[in-house]
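Reading the sequence shown from the start, the letters are residues 29 to 405 in the numbering used here. Positions of the beta carbon are idealized from the N, C-alpha and C atoms, including for glycine. The structure presented is a predicted model; accordingly, all values stated were derived computationally and were not measured.
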Amino acid sequence: MTVNKLYVQSEQSALLMASGFVKGKKLPLIPGTKPSTHNAQLLVSTGIPSLDHVIGGGLPIGSILLIEEDTYGNYANIMLKYFIAEGILVSHNSFIASRDTKPAQFLSEIPAVANDSSTGNKTETNEEMQIAWRYQNLKLVDSSPSGSQVFGHYFDLTKTMDKEKIDRTQVTEWDGENILCRTNAFEKQEFVDLLKSVEETLSKGQFLVSDSPEKRNILRIALRSLGSRLWMCDKEEDTKNDLLRFFYCFRALLRNSYAVATITFPVQFYHNEDALVHRLEHLADTVVGLESFAGSDKEANPVFKDYHGLMHIKKVSAFNTLAPHCPHSMDLAFKLRRKKFLIEVLHMPPELGDTAQREQDDVACGSGSTRSSVLEF
Numbered sequence: 029m030t031v032n033k034l035y036v037q038s039e040q041s042a043l044l045m046a047s048g049f050v051k052g053k054k055l056p057l058i059p060g061t062k063p064s065t066h067n068a069q070l071l072v073s074t075g076i077p078s079l080d081h082v083i084g085g086g087l088p089i090g091s092i093l094l095i096e097e098d099t100y101g102n103y104a105n106i107m108l109k110y111f112i113a114e115g116i117l118v119s120h121n122s123f124i125a126s127r128d129t130k131p132a133q134f135l136s137e138i139p140a141v142a143n144d145s146s147t148g149n150k151t152e153t154n155e156e157m158q159i160a161w162r163y164q165n166l167k168l169v170d171s172s173p174s175g176s177q178v179f180g181h182y183f184d185l186t187k188t189m190d191k192e193k194i195d196r197t198q199v200t201e202w203d204g205e206n207i208l209c210r211t212n213a214f215e216k217q218e219f220v221d222l223l224k225s226v227e228e229t230l231s232k233g234q235f236l237v238s239d240s241p242e243k244r245n246i247l248r249i250a251l252r253s254l255g256s257r258l259w260m261c262d263k264e265e266d267t268k269n270d271l272l273r274f275f276y277c278f279r280a281l282l283r284n285s286y287a288v289a290t291i292t293f294p295v296q297f298y299h300n301e302d303a304l305v306h307r308l309e310h311l312a313d314t315v316v317g318l319e320s321f322a323g324s325d326k327e328a329n330p331v332f333k334d335y336h337g338l339m340h341i342k343k344v345s346a347f348n349t350l351a352p353h354c355p356h357s358m359d360l361a362f363k364l365r366r367k368k369f370l371i372e373v374l375h376m377p378p379e380l381g382d383t384a385q386r387e388q389d390d391v392a393c394g395s396g397s398t399r400s401s402v403l404e405f
């Protein structure tokens with residue numbers, strides 16, 4: 029089968045999942061999922077409620093979230109842990125791949141759910157702002173799970189998840205040490221073996237769209253630091269070719285399955301001279317970039333004293349729609365707390381033009397004089 033045919037079939041499968049019907053049968057509700065209010069696409073949570081809100085409600089089934097790592101990769105790694113922790117909490121299967129850190133070590137550091145996750149951040153976000161009148165109706169990023177069914181949880185980084193709870197879910201680990209599959213299409217054989225492992229996991233777990241399991245479930249795939257030093261070939265050109273081939277094949281696998289992937293990518297290792305990063309962003313469905321203040325001049329800037337970095341929303345998925353979700357603001361910053369990873373609007377919008385309220389203020393300030401009067405200095 030040619031690559032073009034595989035790509036077309038993968039896009040058709042994504043549309044079937046978005047519509048909620050496969051072969052004339054309506055899909056049952058899967059734990060840990062919800063339909064999008066924009067296009068009825070089935071969504072899962074990233075594990076960070078405020079990020080779900082920014083990107084349109086969550087991650088569509090069959091999509092790829094690409095996280096461009098911060099300088100030291102700390103916050104991207106934490107976001108990946110939240111992604112897996114959310115899956116374990118709602119009984120989703122997991123596939124963890126990492127060459128820099130053993131998957132078993134990564135799994136042992138998965139945070140436990142916070143006790144006050146149900147209350148969320150409503151006190152902070154709903155509190156009336158005692159500032160200028162023009163900011164009273166400013167929309168804030170809603171970082172609190174809401175609704176009858178909780179979608180997205182908060183996690184406590186000071187506590188690790190109970191091992192018994194992790195063992196109740198199916199977790200597949202891949203570290204690239206024992207290469208079982210090889211091909212001449214890739215220079216770095218780890219890419220081939222990883223694709224084969226993902227394909228086997230999807231097939232054995234009956235996550236493919238063509239499968240008819242008794243109870244449908246979701247596979248969460250976490251690829252940590254894909255493209256780091258251990259993924260590189262002797263020649264830079266071979267590394268770039270392998271990365272692009274891997275993304276094309278990996279994207280086709282996801283489009284035909286009930287799976288969602290989060291990939292952290294060390295963008296600082298690549299200069300993007302031949303638009304490699306832009307091409308990878310094009311192949312991913314949702315792309316966020318992290319700019320940490322650690323080690324930069326912004327760390328001492330009083331403007332950013334309440335935050336740990338900036339979040340750049342570079343791409344939002346556009347499944348089954350001609351009008352994709354548009355975030356209310358692109359000026360976002362994040363801060364990490366013990367029990368929360370919060371994304372908030374950084375700056376207030378400037379005052380543009382005259383408004384009715386401003387006219388009232390002008391009249392109050394100039395009471396006793398007509399509007400046509402000339403000020404004398």
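Integer Cβ distance of residue i from residue j, believed to fall under 8 Å
| i | j | result |
| --- | --- | --- |
| S136 | V199 | The pair is not a contact, with the Cβ atoms about 11 Å apart (cut-off 8 Å). |
| I58 | R248 | Contact doesn't hold; Cβ gap of about 12 Å is too wide. |
| I124 | E201 | 5 Å |
| L271 | L308 | 7 Å |
beta-carbon residue i near the ligand ADP non-hydrogen atom, thresh 8 Å
| i | result |
| --- | --- |
| T229 | Because no ligand of any kind appears in the structure shown, any question about the ligand ADP cannot be addressed here. |
Where residue i falls: helix, strand or coil (DSSP)
| i | result |
| --- | --- |
| P77 | helix |
| M358 | coil |
| N348 | coil |
| V118 | coil |
| D184 | strand |
| R257 | helix |
| T267 | helix |
| E201 | strand |
| E372 | strand |
| L236 | strand |
| M189 | coil |
| N212 | coil |
| K109 | helix |
| Y298 | coil |
| I207 | coil |
| I194 | helix |
| N102 | helix |
| E242 | coil |
Residues bridged to residue i (per DSSP)
| i | result |
| --- | --- |
| P63 | L70 |
| G337 | S320 and F362 |
| K343 | V315 |
| I249 | F123 and A289 |
| I95 | T292 and V316 |
| P88 | L71 |
| V141 | F183 |
Exercise for review: Could you tell me whether the segment 90-105 touches the segment 212-220, using the rule of 3 or more Cβ pairs below 8 Å?
Suggested key: no
Review point. Touch check for the segment 336-345 and the segment 305-316: three-plus C-beta pairs under 8 Å?
Key: Yes, they touch.
Exercise for review: Just list the alpha helix (DSSP H) runs in the segment 304-334, keeping only unbroken ones of 4 residues or longer that don't cross its boundaries, in chain order.
Suggested key: The DSSP assignment places complete alpha helix (DSSP H) segments of no fewer than 4 residues inside the segment 304-334 at 304-311, in order along the chain.
Practice item. Inspect the CB distances between the segment 93-110 and the segment 232-246 and report whether three or more fall short of 8 Å. Key: no
Check your understanding: At a cut of 8 Å, does the segment 349-359 reach the segment 63-82 through at least three beta carbon pairs?
Key -> yes
Exercise for review: Examine the Cβ distances between the segment 322-331 and the segment 291-299 and report whether three or more of them are shorter than 8 Å.
Suggested key: The segment 291-299 and the segment 322-331 do not touch, with fewer than three beta-carbon pairs separated by less than 8 Å.
Review point. Would you call the segment 279-288 and the segment 75-83 in contact, with 3 or more CB pairs under 8 Å?
Key: Inter-segment contact for the segment 279-288 and the segment 75-83 is absent: fewer than three beta-carbon pairs are separated by less than 8 Å.
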